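Worksheet for the structure shown next.
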Amino acid sequence: MNKGRFFAVGVGAGDPLDMTLRAVRTLENSDAVVFPVKNPGESSVAYDIALAGADISGKEKIEVVFPMKSVSDYREYLNDEKLHRIFEHLDRGHDVSVVTLGDVSVYSTAEYLRGYIEEKGYETHICAGISSFSAAAAKAKISLCENRESFSVVPAVSDKEELMKKLSDFDTLVIMKAGSALEWIVPVLKENGLYDRALMFCNVNMSDEYIGPVTTDRKGYFTTIIVKRGGNL
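Those letters in the sequence shown? Residues 1 to 233, per the numbering used here, in order.
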């Protein structure tokens, strides 16, 4: 019997309408849908988006627990026992998809899972999704980069010195997962004369969406800051 295929599927930044046709069809053609959670039994935003955008209500749900904290390689938390339900499906010839917010290639736990499964000899694929900063730029009607402008994406785990270097090296800087670092990001922006050239985005395309000046009053995991030295903002 041929083994099943494993798909890592980006479901976009929050609105089910932003799911790609490839993502919808892949999920609907899968036999099981995997979703990462921080703790057992938790709900998954990525799964809820997928459920609203694709007909997956009859698929088997498989949760995989990740610590969701800063580590060098999430694969150290993966093992065959933890993923045994996935392997059982694949060995029976079933296709399995894992859902992840945004795009699989941008700070995604799904990529660690896909890589681990591929190393075990299974066929894997990636379905690209709309990243949070692309959705944010679209909502604010701003261009991330034009002509010869440079562009960089960094996680907020970078220290102050690294952030200051990035701010000086690039025309546009996207700071992802910035909610936990706002207390020191705001002073750095002001010190470099870039506070008025920055926009903060929280929960883009969700019911409590915020788009506006960078502030410590709005915090959350889904917080992105876009800093532009010039152009429309």
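Ideal Cβ positions, reconstructed from N, Cα and C, are used throughout, including at glycine. On a predicted model such as this, the values are computed, not experimentally measured, just so you know.
First through last residue of the beta strand (DSSP E) which encompasses residue i
| i | result |
| --- | --- |
| H84 | Not the beta strand (DSSP E): H84 falls in the alpha helix (DSSP H), residues H84 to D91. |
| I211 | Y210 to G212 |
| V11 | Note, V11: premise wrong, no beta strand (DSSP E); not H, not E. |
| E123 | E123 to C127 |
| S97 | V96 to T100 |
| T224 | T223 to K228 |
Reference residue i; option with closest CA among the options
| i | options | result |
| --- | --- | --- |
| N203 | F133, K190, L144 and V96 | F133 |
| G212 | M206, R197 and Y221 | R197 |
| G231 | A54, L144, L167 and V214 | L144 |
| P155 | I225, S57 and Y210 | I225 |
| N2 | Y77, V99 and E123 | E123 |
| E118 | G193, D80 and A52 | D80 |
| P236 | K120, K61, G121 and V11 | The chain is shown only over 1 to 233; residue 236 falls outside these bounds and no answer can be derived. |
| A54 | S30, T109, Y77 and P67 | S30 |
| S108 | G121, I126 and K120 | I126 |
| L167 | S131, L182, R148 and L194 | L194 |
| D18 | E88, G121 and S131 | S131 |
| D171 | E146, S150 and I142 | S150 |
| K160 | E183, D48 and R148 | E183 |
| M164 | A140, E191 and S180 | E191 |
Enclosing alpha helix (DSSP H) for residue i [first to last residue]
| i | result |
| --- | --- |
| Y112 | T109 to E119 |
| T26 | L21 to E28 |
Where residue i falls, given that 16 or more other Cβ within 10 Å makes a residue buried
| i | result |
| --- | --- |
| D95 | buried |
| E111 | buried |
| S44 | buried |
| G102 | buried |
| K228 | buried |
| P36 | buried |
| R92 | exposed |
| G4 | buried |
| G12 | buried |
| L27 | buried |
Nearest-angstrom Cβ-Cβ length linking residue i and residue j, presumed shorter than 8 angstroms
| i | j | result |
| --- | --- | --- |
| V153 | V174 | 4 angstroms |
| A23 | V9 | 5 angstroms |
| F7 | S97 | 4 angstroms |
| A178 | T223 | 5 angstroms |
| F201 | A128 | That belief does not hold up - the Cβ atoms of F201 and A128 are roughly 20 angstroms apart, past 8 angstroms. |
| L233 | L199 | 6 angstroms |
| M176 | G14 | No, M176 and G14 are not in contact; Cβ-Cβ is about 14 angstroms, not under 8 angstroms. |
| V64 | K82 | 7 angstroms |
| L78 | L113 | 7 angstroms |
| A46 | P16 | Contact doesn't hold; Cβ gap of about 11 angstroms is too wide. |
Residue i beta carbon near the ligand HEM (any heavy atom closer than 8 angstroms)
| i | result |
| --- | --- |
| L189 | Among the components modelled here there is no ligand, and therefore nothing to report on the ligand HEM. |
Report task. Go through the region 132 to 209 residue by residue and report every complete run of the beta strand (DSSP E) that reaches 3 residues or more, in order. Result -> 151 to 155, 172 to 176 and 198 to 202
Report task. Report the residue ranges of all alpha helix (DSSP H) runs contained in full by the region 34 to 61; include only those spanning at least 4 residues, in chain order. Result -> 45 to 53
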